[in-house]
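Residue numbers (numbering that gives the first Met the number 0), protein chains in the order written: chain A, 0 to 528; chain B, 0 to 118.
Yeah, the Cβ is synthetic: ideal placement off N, Cα and C, and Gly gets one too.
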Amino acid sequence: MVTIADLLDWKVAEVRGAAEYLANRRSRIADLEGDLNAAKPPASWNTPNVETVTSAHQRLRSRLLDMAAEVSDVQVTLLECAGLFDEAVKELNRALDHASREGFTVSLASGVIMDGNTYPDEAAANAAEKVRHQIRDAINAALQKADQADTDLAAALKAAADGKVDGGSGSLSDAITQLPPSLDGLDKSEIIRKLGDEIAVETVSAYLNAEAEFMKYQIEGAANATYSVTASGKVVMDLTLEAGFGMGVEGGTEVAGASAEASVGVGSTVGLKFDSVAEAEKFLSGLDEAAFDLKFYEFGAVPAAVGANIIDYVKDHDPESWKVGAYASAGGEFHVPGFNMEGEARGDAYYDIVKQEVGLKVQAELSGELGDKDNPTVSAGAKVEGEIKFDKDRAPSEFSVAGSVNGSLGARIANEIPGFSHKEGAGGDIQLKVDKDNPAFDSIVRAAQSGDMNKAADLAFDHGQVVIRQTSTAEVSGVVKDVDVDLGQVGGVEIDAGGSVTSANGVWVKPAGSNKFVGLSPDDLRGSE
Amino acid sequence: MSIEVVPEEVRRAGRRMSDVADVVGDAKPGEGLKGLAGALPGSRSAPAAAGLVEAWASRFKDWHADALAHHDALLKCAEYYEAEDQKAAREAEEFRRQIGLPAPAAPPIQPLPTPPGGQ
Chain A
0 MVTIADLLDW KVAEVRGAAE YLANRRSRIA DLEGDLNAAK PPASWNTPNV
50 ETVTSAHQRL RSRLLDMAAE VSDVQVTLLE CAGLFDEAVK ELNRALDHAS
100 REGFTVSLAS GVIMDGNTYP DEAAANAAEK VRHQIRDAIN AALQKADQAD
150 TDLAAALKAA ADGKVDGGSG SLSDAITQLP PSLDGLDKSE IIRKLGDEIA
200 VETVSAYLNA EAEFMKYQIE GAANATYSVT ASGKVVMDLT LEAGFGMGVE
250 GGTEVAGASA EASVGVGSTV GLKFDSVAEA EKFLSGLDEA AFDLKFYEFG
300 AVPAAVGANI IDYVKDHDPE SWKVGAYASA GGEFHVPGFN MEGEARGDAY
350 YDIVKQEVGL KVQAELSGEL GDKDNPTVSA GAKVEGEIKF DKDRAPSEFS
400 VAGSVNGSLG ARIANEIPGF SHKEGAGGDI QLKVDKDNPA FDSIVRAAQS
450 GDMNKAADLA FDHGQVVIRQ TSTAEVSGVV KDVDVDLGQV GGVEIDAGGS
500 VTSANGVWVK PAGSNKFVGL SPDDLRGSE
Chain B
0 MSIEVVPEEV RRAGRRMSDV ADVVGDAKPG EGLKGLAGAL PGSRSAPAAA
50 GLVEAWASRF KDWHADALAH HDALLKCAEY YEAEDQKAAR EAEEFRRQIG
100 LPAPAAPPIQ PLPTPPGGQ
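This is how it looks when you write it as structure tokens:
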């Protein structure tokens, strides 16, 4: 068992560095497929001794497949274990800090927690003893997490050393397809819990158009809500409020010393989370009523009052994010370090008031050349859109893009994932996400900084988490309803609403650092909550 | 049975194997694991990593050597078939002389076309 002193001494960055090194070696080896095939005895060689030469070539190939599989298996294990080590160290430090605050002394070698305090009575002593046990349990949990990850890593290293990793008999790309240890040997429901909780099984897109005349004021506004019902049963909503609803942030907001301007009248997007679909629907149905809940003294400034009502209503629902449109530029509203925004090059961006993050919007084309690097004939891909997030210190923290699967990308995915159809009429979408802990993150940021978003997206496909959904969409016809606003001398409000529902028929996930897609049944995902 | 080998194709296959051997020989995946022993004191992974560093060093070195040997063998085969081709050509020439057949005529040399607008 790992001791507290050991775990505090572990250098997790070295483990990540090793994973990054092996990812590089893995891709060099996988790229040899073409050369290895070209090294086969030529077809013109039909003397009797060619069989000996061919079988010698096959033996070399088979050994290289195993070696490639070993490198890949160790790489995905290192990456996953580095994440678990980090978590364990953080949990341990939290428990030690807690112990220190309580005046306890923890032996870093044995883990024994000494309480040198004196207590006025038995009840106080018992309460302290309870806290001491909680801290002991937290320390043990952290050590066990580190120990389990260490055991998995040691097993993967030993299996590779003993030549126990089978590279199969296919291509080098197939051989390097390895799952991290956390998914090896898991049953379906366990895999869904690990990978599927955040995946949208239903996405509802609803719109709300309002038109109203209040005396001399004409109000036109639109709200678009897209919410996803995830496998965990939670609902994640993006509510976009267009300019007509008078949204915006007055004056601009400071972001690490620079100002993120968001003009009044520019739309904003609010991120909300609900525990159920019913809660989300209740929120939406309350939105229009709240918007037009005007007081008599607000008649002099109706549009502003509608905007304020919406802001108050949304604020009451504890939004997780609130993105306001902004521009990124070199000398202008805010500067994103390393990204060339000189002169005319102004990037579309947003500032998140709640998370205090900056997001730079990006567009890329995801190459159709996936998995098999020897097929240069397939090049056109699918357009994806997304963002690079920057934290409070304006360091890049996440790269994510999403888009529809079409064209050659659809064909390639269909090739890699049996069951995925790219035929006309079959919808599909792809989401890629890479966070700053991923060994490939710096390369992705460098590619994006140099303006090569396509390369950034391709790297994200290779190293990040990829979720592919096969979907079908049903339109919900628009309905017009009158909202009765009791304002005496002014008329009512017409609300036009409608939307569409996109359901996942198939879901495939490639965990970050892995290169294997795991199929998850949408029915199982729906039933996992 | 017809026997036909194009030596240049055999040689080309050999050269590709040599290219693969170079990449595999230079890959040295174990180098990336050398820091793990110091990074994870008291762990099971540290000694396991040291074992893998050694195993990979010899496995990749052996593969590199065997692939180069395969390359050498292919080049030798190409040389052999080329020599056999030349020997067969010499024997055919000798036989032609013995039976007094005239030497095959060289293909006529065509004059180069004048480029449009050229001198």
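Check	Outcome
State the beta-bridge partners of ALA381 of chain A as determined by DSSP.	A:LEU365
For the beta strand (DSSP E) that contains SER170 of chain A, what are its first and last residues?	Element bounds for SER170 of chain A: n/a, residue is neither H nor E.
Indicate the three-state DSSP secondary structure (helix, strand or coil) for GLN430 of chain A in the structure shown.	strand
Rounded to whole angstroms, how far is the Cβ of GLY270 of chain A from the Cβ of GLU319 of chain A, which I believe are closer than 8 Å?	5 Å
Please report whether the beta-carbon of GLY34 of chain B lies at a distance below 9 Å from any beta-carbon of chain A.	yes
For the segment 3-19 of chain A, which residues have a CB atom closer than 9 Å to at least one CB atom of chain B, in sequence order?	ALA4, ASP5, LEU6, ASP8, TRP9, LYS10, VAL11, ALA12, GLU13, VAL14, GLY16, ALA17, ALA18 and GLU19
Closer than 7 Å between beta carbons: that is the criterion. Which residues of the segment 76-110 of chain A meet it against chain C?	The chain labelled as chain C is not found among the protein chains of the depicted structure, namely A and B.
Using a beta-carbon distance below 9 Å, is ARG15 of chain B in contact with chain A?	yes
Checking 9 Å against the spacing of the C-beta atoms, do ILE412 of chain A and ARG468 of chain A come in under that value?	no
Since ARG27 of chain A contacts ALA26 of chain B with CB under 8 Å, what's their CB separation in whole angstroms?	6 Å
Could you check if VAL9 of chain B is buried or exposed, using at least 16 other CB atoms within 10 Å of its CB as the buried criterion?	buried
In this structure, how does DSSP classify ARG468 of chain A when only helix, strand and coil are distinguished?	strand
Give a yes or no on whether the minimum CB-CB distance between LEU64 of chain A and chain B is below 9 Å.	no
Taking the alpha-carbon of GLU101 of chain A as reference, which of A:GLU189, A:THR117 and A:ASP72 has the nearest alpha-carbon?	A:THR117
What does TRP321 of chain A pair with, by DSSP beta-bridge criteria?	A:VAL269
Taking the beta strand (DSSP E) that GLU30 of chain B falls in, what are its first and last residues?	No beta strand (DSSP E) contains GLU30 of chain B, which DSSP labels as neither H nor E.
Apart from the five residues on each side of it in sequence, which residues of its chain come closer than 8 Å, Cβ to Cβ, to PRO521 of chain A?	VAL200, SER502, ALA503, ASN504, GLY505 and VAL506
Could you give the first and the last residue of the continuous alpha helix (DSSP H) run that contains LEU16 of chain A?	Residue identity differs from the one stated: residue 16 of chain A is Gly in this sequence, not Leu. Counting along the chain, the alpha helix (DSSP H) containing GLY16 of chain A begins and ends at 11-29.
Going along the chain, which residues of the segment 147-168 of chain A sit with their C-beta nearer than 7 Å to a C-beta in chain B?	ASP149, THR150, LEU152, ALA153, LEU156, LYS157, ALA159 and ALA160
So LYS515 of chain A packs on LEU178 of chain A, CB below 8 Å; how close in whole Å?	5 Å
Kindly indicate the opening and closing residues of the alpha helix (DSSP H) around THR76 of chain A.	49-100
Have a look at GLY250 of chain A and ILE352 of chain A and give me their C-alpha separation to the nearest angstrom.	For GLY250 of chain A, the predicted model reports a pLDDT of 36, less than 50, meaning its position is unreliable and no value from the coordinates is stated.
Can you tell me whether DSSP reads SER231 of chain A as helix, strand or coil?	coil
Quick check: ALA36 of chain B and ALA49 of chain B, are their CB atoms within less than 9 Å of each other?	yes
If you follow the beta strand (DSSP E) that ALA137 of chain A is in, where does it begin and where does it stop?	No beta strand (DSSP E) holds ALA137 of chain A; the alpha helix (DSSP H) holding it covers 121-160.
Any contact of the segment 382-392 of chain A with the segment 348-363 of chain A, i.e. 3+ C-beta pairs under 8 Å?	yes
Relative to the C-alpha of THR202 of chain A, which residue among A:ASP8, A:ASN223 and A:PRO41 is closest?	A:ASN223
Is any heavy atom in the ligand ATP found nearer than 8 Å to the beta carbon of LEU524 of chain A?	Absent from the structure shown: the ligand ATP. Ligands present: none.
Quick check: what's the CA-CA separation for PHE333 of chain A versus ARG393 of chain A?	With a pLDDT of only 48 at PHE333 of chain A, under 50, the local geometry of the prediction cannot be trusted, and no value is derived from it.
Quick one: what's got a C-beta closer than 7 Å to ALA45 of chain B's C-beta in the same chain, skipping five residues either side?	LEU35, ALA36 and LEU39
Among residues of its own chain, excluding the 5 on either side of HIS56 of chain A, which ones have a beta-carbon nearer than 8 Å to its beta-carbon?	ALA38, LYS39 and PRO40
Against chain A, with Cβ distances strictly below 9 Å, would LYS121 of chain B count as a contact?	A question about residue 121 of chain B goes unanswered here, because the residues of chain B that appear run from 0 up to 118.
Residue range of the beta strand (DSSP E) that PRO395 of chain A falls in?	395-403
Report the rounded CA-to-CA distance for LYS10 of chain A versus LEU95 of chain A, giving the unit in angstroms.	18 Å
9 Å is my cut-off, CB to CB: does ARG468 of chain A come that close to chain B?	no
In whole angstroms, what is the alpha-carbon distance linking SER449 of chain A and GLU13 of chain A?	27 Å
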